[in-house]
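J.:
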Amino acid sequence: MKNLILISAMLATLGLTACDKPTVVNVPATPVAVPGPAGPAGPQGATGSQGYQGNDGNVGASGVQGNDGNQGATGLQGKTGGGSTTVIVVPSEASAPAN
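FYI, the numbering for the sequence shown is -18 to -1, 1 to 81, going by mature numbering (1 follows the signal peptide of the UniProt record, and there is no 0).
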């Protein structure tokens, strides 16, 4: 009985190894494009056309002239001189210089 189990195990191992195994295919990664050095500068483009000039603005409206002011009241007539009053004007004291 022991020989039968041993022989069965060997046959099973041989049978399983004889099966067709799928081959693993490694797909290469997509190459990444690396930019190269910059090329020479191209020719200069043509100058663009000149834009339209805007319209001149309109003249503003004239302002309204103001009214004449009122005439001030007439002052009272002063007293006549002839009295014996003398007026003395004293000059103010000079301030001390700042330190």
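Glycine is no exception: its CB is placed at the ideal position from the N, C-alpha and C atoms.
1. What do you reckon, is the C-beta of V41 under 8 Å from a heavy atom of the ligand COA?
2. I need the DSSP call for M(-18), collapsed to helix, strand or coil.
3. How big is the Cα-Cα spacing for S31 and P13?
T.: On the basis of the supplied data:
1. As far as ligands go, the structure on display features none, and thus does not contain the ligand COA.
2. coil
3. So the two alpha carbons sit approximately 46 Å from each other.
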